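In what follows, a single structure is set out as structure tokens and then discussed.
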Amino acid sequence: MIDLHSHILPCLDDGARNMDETLEMCRIAEADGIHTIIASPHSRNGVYNNDEKTILPVLKKVKEAVKEKGISIEIIPAVDMHIDPEVVTFFKQNSQLLLGERYVLLEFPSQSIPPYTGEFLFKMKLKGYIPIITHPERNTIIQGDISVLHKWVEDGAIVQLTAMSLTGEFGEKVRKVSLKMVQSGLVHFIATDAHSSNWRKPILSKGRNVLEEILDSNRAKAMVEDIPKKILNGKVIESIEIQNSNHTSSSFVKRLFEKKLLLK
Ligand SMILES: [Fe+2]
11 MIDLHSHILP CLDDGARNMD ETLEMCRIAE ADGIHTIIAS PHSRNGVYNN DEKTILPVLK
71 KVKEAVKEKG ISIEIIPAVD MHIDPEVVTF FKQNSQLLLG ERYVLLEFPS QSIPPYTGEF
131 LFKMKLKGYI PIITHPERNT IIQGDISVLH KWVEDGAIVQ LTAMSLTGEF GEKVRKVSLK
191 MVQSGLVHFI ATDAHSSNWR KPILSKGRNV LEEILDSNRA KAMVEDIPKK ILNGKVIESI
251 EIQNSNHTSS SFVKRLFEKK LLLK
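Adding 10 to a residue's 1-based position in the sequence shown gives its number in our numbering.
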């Protein structure tokens, strides 16, 4: 599997606190079946301002340590960019942090959506960048109405759901919204968004197992391997069929209850 979003680099943000924790996270990921992990520290979120100058030297040290410890995992640099009108300028100066030379991990505030978002995403596309909206299921506005995502996805944005959201580790509300997003065809792939070696670990398999219960196994596999691989290679992701998200089919809900994926 490929984990396209994590905070494994030490001391750059609220992720790994030191090199030991980074190495432990790499071991956990390897044991979970992750062969490639994207190291994407926060940037421009009002607290952290990472760029190539801060990320690449730390990545080099981590790669050396991982090799020395015999951990078999490839680490690729990126950045978890908070939505900001200056994103295009940032990537012109930090192109090594793009995925596949054009994909951008884009994080929203947790309780709002900036009013310029639609136009901003459209302009990014015009400039040749493809936004990946990270964990929209944890944004309270989108939780209230996931149809907000439709237009963005129709316009070519990619959506990343967090594995722990699907397993219920961020609570039942987030899990229900996540399942609805998957059912509505609004999710392209899942990632760990791992921050630590204990509570937010780099584990993808549990999220994939949930996907396998509600999608066919090929599509579930694509969400942890094929689609992330295409992104790393800069390939275009085919559009997915978007269903009316305000309608949750009764048979689908029944199946989730039967599988014990919905608790109430
Ligand atoms: Fe993140």
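Idealized CB from N, CA, C, for every residue including glycine. All figures in this text were calculated on a predicted structure; none of them were measured in a lab.
Measuring only the C-alpha atoms, how far is residue i from residue j?
i	j	result
ARG37	GLY178	24 Å
HIS52	ASP23	6 Å
PRO95	PRO119	14 Å
PRO212	ASN55	22 Å
ASP30	ILE85	16 Å
ILE156	GLU74	42 Å
PRO124	ILE151	11 Å
ARG218	ILE237	13 Å
MET191	ALA167	14 Å
ASN60	ILE83	23 Å
LYS186	SER194	12 Å
LYS133	TYR139	9 Å
LEU116	HIS92	6 Å
LEU109	CYS21	22 Å
SER207	SER16	12 Å
LEU66	ILE247	27 Å
ASP226	PHE101	36 Å
ILE143	LYS77	32 Å
LEU214	LEU19	18 Å
ASN256	VAL68	Its pLDDT being 42, under 50, ASN256 is placed unreliably in this model, and the value from its coordinates should be taken loosely. Spanning the two alpha carbons is a distance of roughly 45 Å.
Helix, strand or coil, according to DSSP, for residue i in the structure here?
i	result
LEU272	Unreliable placement is indicated for LEU272, whose pLDDT of 48 sits below 50; no coordinate value is reported for it.
ILE287	Not covered by the structure: residue 287. The range shown for the chain is 11 to 274.
ASN149	coil
ILE241	helix
ILE81	coil
SER255	With a pLDDT of 43 at SER255, under the threshold of 50, the modelled position of that residue is not reliable, and the figure given next carries that caveat. Here SER255 sits in coil by DSSP.
PRO141	strand
PRO87	strand
LEU196	coil
ASN228	helix
ILE205	Reading off the sequence, residue 205 comes out as His, not Ile. Three-state result, HIS205: coil.
LEU19	coil
THR109	It is Leu, not Thr, that sits at residue 109 in the sequence shown. In this structure, LEU109 counts as strand in the three-state DSSP scheme.
SER120	coil
SER157	coil
What are the boundary residues of the beta strand (DSSP E) that includes residue i?
i	result
ALA201	199–201
GLN170	168–172
SER16	12–16
LEU221	It is not in any beta strand (DSSP E) - LEU221 instead sits in the alpha helix (DSSP H) that spans 215–224.
LEU116	113–117
HIS92	90–92
ILE48	46–49
With residue i and residue j assumed to form a contact (beta carbons below 8 Å), what rounded beta-carbon distance in angstroms separates them?
i	j	result
HIS198	VAL169	5 Å
SER50	ALA88	4 Å
Which term fits residue i, buried or exposed, when burial requires 16 or more other beta carbons within 10 angstroms of its beta carbon?
i	result
ARG27	exposed
THR127	buried
TRP209	exposed
VAL57	exposed
LEU273	Bear in mind that a pLDDT of 44 at LEU273, under 50, signals an unreliable position, so the number given afterwards is only what the model happens to contain. Answer is exposed; the Cβ neighbour count stays below 16.
LYS79	exposed
PRO171	A small fix is needed here, since residue 171 is Leu in this sequence, not Pro. By the 10 Å Cβ count, LEU171 comes out buried.
SER175	buried
THR32	buried
How is the alpha helix (DSSP H) around residue i delimited, first residue to last?
i	result
GLN103	97–103
GLY128	127–136
Check whether the Cβ of residue i lies closer than 8 Å to any Cβ atom in chain B.
i	result
LEU242	Chain labels in this structure do not include chain B; a single protein chain is all it has.
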